[in-house]
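So the sequence shown is numbered by our numbering: it starts at 56 and just counts up by one. Ideal Cβ positions, reconstructed from N, Cα and C, are used throughout, including at glycine. Structure, as structure tokens:
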Amino acid sequence: MATQLASDSNLDFRLIPLGESDDQAADGLPTLDELPVIDLSSEEPLPDIPEGANLAPPPAASAPTEGEVARGRGSIWLEGDVLMCACPDCRAPMSIRLWLLIADCWKCGTSIELTEEQEREAKRLLQQREKAKRQAQRRSSQPAGAKTTGTQARAKPPTSPGDRRQQKAKEPDRKSAAPATAPPGRKTAAAGQASAEAARRREARKRVAAAQNAARRRMARKRGASAWTTSLFKDTPAWLVSLVFHLVLLTLLGLLTMPNDDEGKYITLNATVSKDLRRPGQEEIENPADEVQFDLPVPEELDLDNRRTRDAMIRADQDARELRLVDTADPNLPDLEKVKRRIGRPDGNHAALTARDPRVRVEVIKQEGGTTLTEAAVARGLRWMAQQQQSDGRWRLDGGTRSDSAATSLALLPYLGAGQTHLTGRYKDEVSKGLRWLVSQQKDDGDLRAGSSGNTGMYAHGQGAIVLCEAFLMTGDEELRVPAQKAVDFIVEAQYPDGGWRYKPNRECSPRERRSDTSVVGWQLMALQSARAANLTVPDETFELAGHYLDSAQHQDGALYSYQPRQRATHIMTAEALLCRIYLGWTKEDPALMEGAQYLADNHMPSTHETNMYYWYYATQTLHHVGGSLWDRWNLKMRDVLVNTQEKGGRHAGSWTPHGGHAGAGGRLYMTALATCSLEVYYRHLPIFRQIDVD
Numbered sequence: 056m057a058t059q060l061a062s063d064s065n066l067d068f069r070l071i072p073l074g075e076s077d078d079q080a081a082d083g084l085p086t087l088d089e090l091p092v093i094d095l096s097s098e099e100p101l102p103d104i105p106e107g108a109n110l111a112p113p114p115a116a117s118a119p120t121e122g123e124v125a126r127g128r129g130s131i132w133l134e135g136d137v138l139m140c141a142c143p144d145c146r147a148p149m150s151i152r153l154w155l156l157i158a159d160c161w162k163c164g165t166s167i168e169l170t171e172e173q174e175r176e177a178k179r180l181l182q183q184r185e186k187a188k189r190q191a192q193r194r195s196s197q198p199a200g201a202k203t204t205g206t207q208a209r210a211k212p213p214t215s216p217g218d219r220r221q222q223k224a225k226e227p228d229r230k231s232a233a234p235a236t237a238p239p240g241r242k243t244a245a246a247g248q249a250s251a252e253a254a255r256r257r258e259a260r261k262r263v264a265a266a267q268n269a270a271r272r273r274m275a276r277k278r279g280a281s282a283w284t285t286s287l288f289k290d291t292p293a294w295l296v297s298l299v300f301h302l303v304l305l306t307l308l309g310l311l312t313m314p315n316d317d318e319g320k321y322i323t324l325n326a327t328v329s330k331d332l333r334r335p336g337q338e339e340i341e342n343p344a345d346e347v348q349f350d351l352p353v354p355e356e357l358d359l360d361n362r363r364t365r366d367a368m369i370r371a372d373q374d375a376r377e378l379r380l381v382d383t384a385d386p387n388l389p390d391l392e393k394v395k396r397r398i399g400r401p402d403g404n405h406a407a408l409t410a411r412d413p414r415v416r417v418e419v420i421k422q423e424g425g426t427t428l429t430e431a432a433v434a435r436g437l438r439w440m441a442q443q444q445q446s447d448g449r450w451r452l453d454g455g456t457r458s459d460s461a462a463t464s465l466a467l468l469p470y471l472g473a474g475q476t477h478l479t480g481r482y483k484d485e486v487s488k489g490l491r492w493l494v495s496q497q498k499d500d501g502d503l504r505a506g507s508s509g510n511t512g513m514y515a516h517g518q519g520a521i522v523l524c525e526a527f528l529m530t531g532d533e534e535l536r537v538p539a540q541k542a543v544d545f546i547v548e549a550q551y552p553d554g555g556w557r558y559k560p561n562r563e564c565s566p567r568e569r570r571s572d573t574s575v576v577g578w579q580l581m582a583l584q585s586a587r588a589a590n591l592t593v594p595d596e597t598f599e600l601a602g603h604y605l606d607s608a609q610h611q612d613g614a615l616y617s618y619q620p621r622q623r624a625t626h627i628m629t630a631e632a633l634l635c636r637i638y639l640g641w642t643k644e645d646p647a648l649m650e651g652a653q654y655l656a657d658n659h660m661p662s663t664h665e666t667n668m669y670y671w672y673y674a675t676q677t678l679h680h681v682g683g684s685l686w687d688r689w690n691l692k693m694r695d696v697l698v699n700t701q702e703k704g705g706r707h708a709g710s711w712t713p714h715g716g717h718a719g720a721g722g723r724l725y726m727t728a729l730a731t732c733s734l735e736v737y738y739r740h741l742p743i744f745r746q747i748d749v750d
């Protein structure tokens with residue numbers, strides 16, 4: 056009778072008693088000793104594969120991928136989340152920066168500008184990818200249909216050797232019809248061999264029976280109640296066990312009542328007077344919460360009579376106050392009257408950052424167009440970034456780019472913009488740790504790139520130089536003077552002969568690579584402007600050369616600008632270049648400046664349908680300096696878009712979800728840092744073309 060066993064993998068094995076040796080020989084089966092035995096509970100390696108075993112053929116070569124096919128014909132394709140195209144010179148793959156409408160070759164240094172047809176193709180690919188993601192999410196949300204398993208459609212097993220022996224037993228025994236008598240000697244030898252064979256079979260049956268019994272015992276242990284209990288405690292997470300235990304404990308403690316001492320006679324006073332008990336003419340006491348006073352302006356479109364809206368504004372006001380709470384007795388704070396005089400000074404170059412003082416925050420925000428909601432969004436953004444700081448003081452980008460130097464600098468910029476330094480403020484510990492890490496990564500020649508990957512090197516250095524110069528200007532801490540000056544000197548030495556900068560400093564580039572771009576130029580000029588405000592040494596020739604580069608990249612007599620000379624002008628580079636022109640001396644009397652600002656406000660206002668935080672960051676600063684109706688229009692749109700798109704709950708509360716240009720490379724930290732800086736525009740830099748009166 057067949058015996059059924061179940062292994063650990065829940066497969067069924069049938070062990071059938073072996074027949075006599077003559078039946079085995081007749082069926083072509085090996086003897087029991089010749090059969091390979093594999094112990095399923097053993098941890099030893101499996102036996103070697105016999106030389107005569109038939110092996111599966113190797114898999115056929117896979118077909119070329121879509122990217123490989125597209126690369127051969129020079130079109131655009133998607134590799135993961137990266138848009139790619141082929142270099143027209145060396146055919147190497149080039150990553151496309153759609154926000155700039157350009158692609159750079161890592162191999163030969165070629166830079167190409169996307170045509171309108173290529174731009175449409177790139178957007179089409181991105182739309183297809185988003186559509187595929189949504190379809191995949193819908194399919195995954197639907198309940199999976201029942202599938203027929205292999206055991207349900209199991210085919211009828213083939214006839215076993217035992218069945219064949221039973222069929223042979225039913226056939227007439229032809230051998231018995233012709234009996235033969237063996238010689239006595241052979242009969243004795245055959246009897247001995249049969250006896251030995253029977254002994255071997257009995258020993259084999261004992262081993263099989265022992266294996267069967269061991270398997271049964273293992274299965275019994277695994278199917279019992281104790282096995283279920285063991286699996287429950289083994290698979291249950293430790294935190295869940297701890298949670299259940301503490302909930303039970305708290306429930307029991309809540310049921311216990313402690314006897315109260317007799318406190319004697321007492322009465323309960325209620326401040327609420329029933330309407331039935333009021334005397335005639337007695338006025339009703341109003342709830343103070345119904346008349347909330349806000350220090351900062353409230354957007355006009357909000358209805359404070361609505362309970363939900365009023366509660367949201369109260370929470371926003373509480374968050375906004377965090378950044379204005381300072382210790383007035385702090386010796387590191389400058390004299391408040393001097394701060395106010397410097398803000399109103401006609402020559403505001405060296406006082407450009409004075410309005411960051413939290414003590415004048417309310418007056419400045421009221422005059423420049425901020426609200427309670429914008430300042431609350433700044434506070435929430437800083438709170439989220441503080442949670443992302445590493446233990447050694449650095450920050451890390453959570454996108455596809457690796458540059459801890461750029462991440463740390465981008466994170467520190469909004470802290471400094473809100474008046475938080477390493478000496479004063481709510482976040483002075485975070486700022487101190489970040490500055491300490493940044494200075495520790497600086498090389499002797501002032502280099503702050505700190506192992507940045509790809510094209511991020513000079514971006515990271517420019518941003519780090521801005522941080523060091525602003526921190527030195529705001530605090531006057533002499534320990535920062537040398538690191539800041541060395542960072543500025545590195546920028547001066549890295550300048551190309553055409554007056555600009557790009558991914559690598561001048562000494563590391565071949566003549567073909569010395570082709571500046573407006574994007575990198577903007578960060579270096581911002582650093583040099585901060586250094587000049589901090590009275591650090593910056594050669595005048597460096598600013599003059601930078602102006603020559605901007606001349607080569609301008610269009611329409613300086614109203615519009617391109618990424619590189621002889622390329623198509625874009626609104627992104629126009630916003631960045633116009634801010635550079637302002638710091639290089641242009642005024643509102645220059646027609647090109649006003650024409651370019653008008654172009655930005657008329658054609659490229661902030662919109663949730665076309666997110667580009669890089670563009671918003673530069674255009675917000677440019678139009679804030681220009682002021683007037685252009686700034687009023689831009690500010691209303693910018694602040695609403697940023698406040699409404701900030702995450703309101705969950706672990707990302709206070710941050711901005713990555714969308715648009717550079718978002719895939721910089722990630723959530725990049726988006727949050729630039730968005731927070733944009734909402735600090737009211738006090739981050741004093742407007743150059745007008746004065747603020749805070750007296």
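Could you say which of the options lies nearest to residue i if we only look at CA atoms?
| i | options | result |
| --- | --- | --- |
| aspartate 695 | Arg636, Ala624, Thr426 | Thr426 |
| glycine 721 | Ala462, Arg175, Leu155 | Ala462 |
| methionine 668 | Trp689, Arg370, Thr677, Gly715 | Gly715 |
| glutamate 134 | Lys162, Arg570, Arg184, Trp641 | Arg184 |
| glutamate 644 | Leu729, Val681, Val394, Trp711 | Val681 |
| glutamate 563 | Arg365, Gln550, Ser574, Thr364 | Gln550 |
| serine 508 | Thr677, Leu691, Glu430, Lys559 | Lys559 |
| proline 469 | Ser195, Ala526, Gln653 | Ala526 |
| alanine 582 | Arg569, Thr597, Asp572 | Thr597 |
| leucine 729 | Arg370, Trp711, Leu307 | Trp711 |
| glutamine 445 | Asp459, Gly454, Asp750 | Asp459 |
| alanine 593 | Cys142, Arg396, Glu548 | Sequence check: residue 593 is valine here, not alanine. The shortest Cα separation from valine 593 among Cys142, Arg396, Glu548 belongs to Glu548. |
| histidine 22 | Thr666, Tyr670, Leu493 | Residue 22 falls outside the range modelled here, since the chain spans only 56 to 750, and no answer is possible. |
| tryptophan 556 | Tyr604, Ser565, Ala539 | Tyr604 |
| glycine 554 | Lys162, Lys692, Gln475, Glu599 | Glu599 |
| lysine 692 | Lys703, Ala674, Gly709 | Ala674 |
| aspartate 750 | Thr409, Cys140, Pro148, Glu392 | Glu392 |
| alanine 367 | Ala253, Lys703, Leu639 | Lys703 |
So, using beta-carbon positions, are residue i and residue j closer together than 8 Å?
| i | j | result |
| --- | --- | --- |
| histidine 679 | proline 620 | no |
| tyrosine 738 | isoleucine 157 | no |
| alanine 375 | alanine 441 | no |
| alanine 624 | histidine 610 | yes |
| alanine 647 | leucine 685 | no |
| alanine 467 | glycine 489 | Going by the sequence as given, residue 467 is leucine instead of alanine. A contact, by the Cβ cut-off of 8 Å. |
| valine 698 | leucine 351 | no |
| alanine 406 | arginine 400 | yes |
| methionine 529 | leucine 471 | yes |
| asparagine 510 | aspartate 159 | yes |
| glycine 365 | valine 347 | Checking the sequence, you will find arginine at residue 365 rather than glycine. Yes, the Cβ-Cβ distance between arginine 365 and valine 347 is below 8 Å. |
| isoleucine 747 | valine 486 | no |
| arginine 411 | glycine 474 | yes |
| leucine 634 | threonine 573 | no |
Based on the DSSP secondary-structure assignment, which residues constitute the bridge partners of residue i?
| i | result |
| --- | --- |
| asparagine 667 | Gly715 |
| aspartate 53 | Since the first and last residues shown for the chain are 56 and 750, residue 53 lies out of range. |
| threonine 625 | Tyr616 |
| alanine 141 | Pro148 |
| glutamate 134 | Val137 |
| histidine 610 | Leu615 |
| glutamine 701 | Trp711 |
**OP:** Count the C-beta pairs between the segment 463-481 and the segment 522-538 that are closer than 8 Å, then say yes if the count reaches three, no if not.
**Re:** yes
Original post:
Any chance the segment 710-730 sits against the segment 445-458, with 3 or more Cβ pairs inside 8 Å?
Top reply: yes
Subject >> Touching by the beta-carbon criterion (3+ pairs, under 8 Å), the segment 169-178 and the segment 186-193 >> reply: no
**OP:** Pair every Cβ in the segment 583-602 with every Cβ in the segment 540-559, then say whether three or more of these pairs are closer than 8 Å.
**Re:** yes
Subject >> Inter-stretch contact (C-beta, 8 Å, three-pair minimum) for the segment 352-362 and the segment 382-397 >> reply: no
**OP:** Could you pull out every unbroken beta strand (DSSP E) segment of at least 3 residues lying fully inside the segment 499-561, listed in chain order?
**Re:** none
Original post:
Does the pairing of the segment 529-541 with the segment 568-577 give three or more beta-carbon distances under 8 Å?
Top reply: no
Subject >> Unbroken stretches of the alpha helix (DSSP H), 4 residues or longer, contained in the segment 445-503 >> reply: 459-472, 483-495
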